[in-house]
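Worksheet: one structure, shown below.
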Amino acid sequence: MIPEEVLAELEARKAEGITSSEILKLFEENGLKLSEATLRKYVQQGLLPRSVRVGKKGKHTGSQGLYPATIVRQIVAIKQMMAENLTIEDIKREVWFVRGDIEELERKLDKIFLTLKGALKKQRSEPTAKAVGTEIGAAEALAKELLGRLVQLEERLTTQARLARRVDSRSAVG
């Protein structure tokens, strides 16, 4: 699989997002199979977040689809689960049943905070700006805590579902 330090470095370096071609190249460089069709399938099935169209710098250069850099880690996890004989339906039902929604919420919150900070820069009243800036920081901390708790809840529920599935499969065999 892809080493943890490579994933962490990628997520730090590509915080703004990663293209599908960069994803495919990374898998190829690490001797792992992943096709454009498989990537699209995982997205269409709801296992992975959709890309966001982002304009390129410069005149008339168009836009490109960017995925969150964490998508590579998710693909690795999906491949591992499928190697353990979980189907896409199993993964959707038992593993990441709200992961896409959580990631969408995170992107929306990031956009909201970016907009609030942009509006704050236009504030002329120094005391008001400082107070609002403090409140934005506190709200960001709460949002981060909320997202972390939602991920923990999902992980707890999916762990229980996987354990129950293993018990059921052992019962059927034994």
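Residue numbers for the sequence shown follow my numbering, so the first one is 5 and each next one is one higher. Ideal Cβ placement from N, Cα and C applies to all residues, glycine included.
With a threshold of 16 other CB atoms inside 10 Å of the CB of residue i, please say whether the residue is buried or exposed.
i: LYS18; result: buried
i: PRO7; result: exposed
i: ILE157; result: This sequence places Leu at residue 157; Ile is not what is there. Per the 10 Å Cβ criterion, exposed.
i: ALA41; result: exposed
i: MET85; result: buried
i: ALA142; result: exposed
i: ALA87; result: exposed
Classify residue i as helix, strand or coil using the three-state DSSP reduction.
i: VAL80; result: helix
i: ARG57; result: strand
i: LEU70; result: strand
i: ILE22; result: strand
i: GLU108; result: helix
i: LYS121; result: helix
i: MET5; result: coil
i: VAL102; result: coil
i: LYS126; result: coil
i: GLU88; result: coil
May I have the straight-line CA-CA distance separating residue i from residue j, to the nearest angstrom?
i: GLN48; j: THR132; result: 45 Å
i: LYS45; j: ILE92; result: 10 Å
i: THR119; j: ASN89; result: 44 Å
i: GLU13; j: ILE79; result: 16 Å
i: GLU15; j: ALA135; result: 32 Å
i: LEU38; j: ASP94; result: 20 Å
i: GLU98; j: GLY50; result: 13 Å
i: LEU124; j: GLU159; result: 36 Å
i: VAL102; j: ARG128; result: 41 Å
Figure out for me which residue from the options has the closest Cα to the Cα of residue i.
i: LEU151; options: ARG54, GLY104, LEU90 and ALA73; result: GLY104
i: LEU154; options: LYS126, GLU107, ILE92 and LEU120; result: GLU107
i: LEU146; options: LEU113, ALA135 and LEU36; result: LEU113
i: GLY21; options: LYS126, ILE75 and ARG160; result: ILE75
i: GLU33; options: ALA41, VAL10, LYS126 and LYS96; result: VAL10
i: THR23; options: LEU70, GLY122 and GLN127; result: LEU70
i: GLU144; options: ARG128, LEU161, THR162 and LEU109; result: LEU109
i: LEU30; options: PRO53, ARG54 and MET5; result: MET5
i: ARG111; options: SER55, SER25 and ILE82; result: SER55
Over what stretch of residues does the alpha helix (DSSP H) that includes residue i continue unbroken?
i: ARG44; result: 40–48
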